[in-house]
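For the record, the sequence lines run as chains A and B.
Letter 85 of the first sequence, counting from 1, is numbered 333 in our numbering, and no numbers are missing.
Letter 37 of the second sequence, counting from 1, is numbered 38 in our numbering, and no numbers are missing.
Virtual Cβ for every residue (Gly too), placed ideally from N, Cα, C.
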Amino acid sequence: MKSAAFALTASVLMAGTFLAGCGAASSAPPSSPTASKASSYKVGLVTDTGGLNDHGFNHLAYLGLMQAKKEFGVTTSVVQSQTASDYVPYLTNYAQQGYNLVIAVGFLMQQAVQQVSKEFPHTKFMIIDDQVNGPNVTSSLFETQQCGYLVGELSGLVQKEHALPNINNDNTLGVVGGMSIPPVNTYIAGFYAGVHAVDPSAKILLKYTNDFNNPNNGQIYAQSEIAQHADIIFQVAGGSGLGVITAAEQSHTYAIGVDANQNYLAPNTVITSAEKGVQIATFDTIKEGVKGTLKPGVQYFNLNNNGVGMATPISAIPQSIVQQVLQSEKEIVAGKIVPPTNIP
Amino acid sequence: MSFFLNPELWALTVTVSVPLIYASLGGMFSERGGVVNIAMEGMMLMSAFVSVAFAYASHNAWIGLLAGVASGAAMSLLFAWATLKLQADQVVVGMAINLLALGLTGYFLDAFYGYNGTPISTPSLPTWHLNVLSHLPVLGPALAQENVLTYLLIPTLLGAQYALFRTPWGLRLRSMGEKPEAGRSAGLSVLRYRLSGVLLSGILSGIAGAYLSIGVLNSFNVDMTAGRGYIALAAMIFGNWKPKGALMASLIFGFLSAASIQLQGSIIPSDIVLMVPYLLTVVAVAGIVGRTTPPAADGIPYQEESL
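Dropping the structure here:
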């Protein structure tokens, strides 16, 4: 009886850990003759703990990967990290299996990439949102303070002019961040600057959920800010931020999406989104990898190369406001406005 | 003082506490029968996913809730089979159940919805507006407009208190947690009573999980329970294995979470506030303040002797 119990426990444990890693989806390339060379090019993508279902950051990287697979017929594989301790083994696994390019999605994987890229000098690595130095590492950095500035200016104007229904007189906006880390804080720094550029007296509430995959937390953090009279909330919290959008929808206030255009999640609530071109960055890097022109070092993505941007605001927002924001966009591109990267 | 009179603080406290109360009541039934149940985390997580899947497929959040509760119960039966029938170590099996639920839900999420997240048209359970309550001072706004599962908590709590302390079944369940041999010598089936306690924990954890996914939200995320099952277990222990205690402890834990959210950005470090409930649990279990006493046979497998 005892041994049966042990065997059962062991097998359930193994099934659990096996399935936990089973987000990995490997697939063979399409067998078109033109893609014969590229199909031997293997790309592995490791997500951070937010997972591929975050409607944002990780999902965009996946879309970039799929686009590359479709256009170049590269062989792709994806694995989703369940915990931070998965990063090193998952990256190592792809490198060991002879993948040509291993993509690490997220700032949180910086140290893991630093370590693994040294051990596998013949494998190319790409890290999104942070800089890792090494002869075989490409880093993609996004100047999200620029799009943060634009959505900040838009919300500041909507708030000031009461341009949407249910905007109160308390002149308060909210931000829910995931963690106080650079890729989150650059968005927020831009947002502050954008709001204060049009309305220096506006009050901005800022809270961090301290995780990226806990939408229930996002919901209550947003609820807390809404109770303090915030009526437009900018979410920079990945999967946790989805709860921010739900909270705004429930209380008939407004939210601003992040990374991807998240308007489809709540069409009357998400007035615009601060977009980050993770899909383009991923696709371009794979493209250069396939062509053999991939260089180590940092690649910057900003308004000038459409690497970041503001999603088209909902039509309820007056054109005068949208035009004013688009004017600022031109000035940022021209270098006349330089949004800060640090929160005041 | 104004900090404590802020109705929003109490509204947040309720939102955070509700799933903890359901799950801690569940854990209480299981442990009162002598089965340590750390598997509530997994039961909640499974229910959180299943309730979204069924709510979406049937366009009815109530069917989602029923399916979620059923999946929590199914997980508890698996747990009961391993711990009661096979007498495996309860903590190890509990951990295995949690990992199984994490893996299965993550896998199903991708398999069903293909990296797009759960569908946005998933319905959620209704919010009731009891305007009568809104006139109460301070607590009024927190109680007047809540999810239906919050109101369902009141009969659940009363029922739990009554069942455990006023019915023959409750008395017998408690005896199985204190001294199963005594129950057995009275001709009762220890395993059957323990099973009923574990099953109730599955059902109540199922409600807690559904509250997280289709109660306050209408979506599922990988590992969205984020340790709430363990927190509920701690609350139940801090509450001394009693319904009233579980309620109070869950509310204290919820209050401190809510306070830490409200305090973010102020002089008091919110992380410290968030730490307090766990410190309290350690203190309570160690017996320094307000000694807690677990059921005597808690965690000990029982080999049923034939009569």
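Please list the partners that ILE262/B has in chain A, where partner means a Cβ-to-Cβ separation under 7 Å.
LYS455, ILE468, TYR469, SER472
Are the beta-carbon atoms belonging to TYR231/B and TYR23/B less than 8 Å from one another?
no
Inspect the beta-carbon positions of GLY404/A and VAL443/A and report whether they are closer than 8 Å.
yes
Kindly say whether GLY487/A, judged by its beta-carbon, lies nearer than 8 Å to any beta-carbon of chain B.
yes
Using a beta-carbon distance cut-off of less than 7 Å, what residues from the stretch 294-321 of chain A approach chain B?
GLY299, LEU300, ASN301, HIS303, HIS307, TYR310
How would you write the range of the alpha helix (DSSP H) that GLN572/A sits in, first residue to last?
567-581
Cβ-based burial, SER521/A [other Cβ within 10 Å; buried from 16]
buried
Roughly how many angstroms separate the alpha carbons of MET314/A and THR323/A, rounded to a whole number?
10 Å
According to DSSP, is MET374/A helix, strand or coil?
strand
Kindly indicate if chain A contains any beta-carbon less than 8 Å away from that of GLY265/B.
A quick correction: the sequence has Gln, not Gly, at residue 265/B. Yes, because at least one Cβ of chain A sits closer than 8 Å to the Cβ of GLN265/B.
Cut-off 6 Å between Cβ atoms - residues of its own chain near TYR310/A, not counting five sequence neighbours on either side:
LEU300
Would GLY141/B count as contacting chain A if we go by Cβ distances under 8 Å?
no
Indicate whether the contact test is met: 3 or more Cβ pairs, each with one atom in the stretch 235-249 of chain B and one in the stretch 56-73 of chain B, closer than 8 Å.
no
In chain order, what residues of the same chain lie with their CB nearer than 8 Å to the CB of ASN99/B, ignoring the 5 residues before and after it?
ILE39, ALA40, GLU42, GLY43, LEU46, GLY230
Along chain A, in chain order, which residues have C-beta atoms closer than 7 Å to that of TYR116/B?
LEU300, ASN301, HIS307, TYR310
Alpha carbon to alpha carbon, how far is ASP532/A from LYS305/A? Give it in angstroms, no decimals.
According to the sequence provided, residue 305/A is Phe. The question's Lys does not apply to it. Approximately 16 Å, taken between the alpha carbons.
Could you give the residue range of the alpha helix (DSSP H) that holds ASN464/A?
463-475
Which of the residues in the stretch 486-506 of chain A, read from start to end, lie with their CB under 7 Å from any CB of chain B?
GLY487, LEU490, GLY491, THR494
Should GLN527/A be flagged as near chain B, meaning a C-beta pair shorter than 8 Å?
no
Closer than 6 Å by C-beta to ALA332/A: which residues in its own chain qualify, once you throw out the five before and the five after it? Chain order, please.
none
Assign ALA495/A to one of three DSSP states: helix, strand, or coil.
helix
Per-residue DSSP class, three states only, for ILE268/B:
coil
Close Cβ partners of SER275/A (< 7 Å) along its chain, the five nearest in sequence each way excluded:
Bear in mind that the predicted position of SER275/A carries a pLDDT of just 46, short of 50, making it too unreliable to give a figure here.
So, at 6 Å on beta carbons, what are the nonlocal neighbours of GLY312/A in its own chain, with the 5 sequence-adjacent residues on each side left out?
GLN527, THR530, PHE531
Going straight from the alpha carbon of TRP82/B to that of PRO181/B, what length do you get?
18 Å
Output yes or no for whether 8 Å exceeds the beta carbon distance between TYR279/B and ALA235/B.
yes
Taking the CB atoms as reference points, tell me whether ASN231/A and GLY486/A lie closer together than 8 Å.
Examination of residue 231/A is not possible in this model, given that chain A is present from 249 through 592 alone.
Bridge partner(s) assigned by DSSP for GLN328/A:
THR295/A
Rank PHE439/A, SER287/A, LEU339/A by C-alpha distance to the C-alpha of THR371/A and give the top, closest one.
LEU339/A
Counted within 10 angstroms of its Cβ, other Cβ atoms place GLU579/A as buried (16 or more) or exposed:
exposed
Counting only the same chain and skipping the five closest in sequence on each side, list residues whose C-beta sits under 7 Å from that of PHE368/A.
ALA343
Using the rule of at least 16 other Cβ atoms within 10 Å of the residue's Cβ for burial, across every protein chain shown, is GLY160/B buried or exposed?
exposed
Look up VAL322/A in the DSSP assignment and say whether it is helix, strand or coil.
coil
Bounding residues of the beta strand (DSSP E) (the contiguous stretch that carries GLN146/B):
146-148
When you compare only the Cα positions, how much space is there between MET96/B and GLY73/B?
15 Å
Going by DSSP, what residue range makes up the beta strand (DSSP E) through VAL424/A?
420-425
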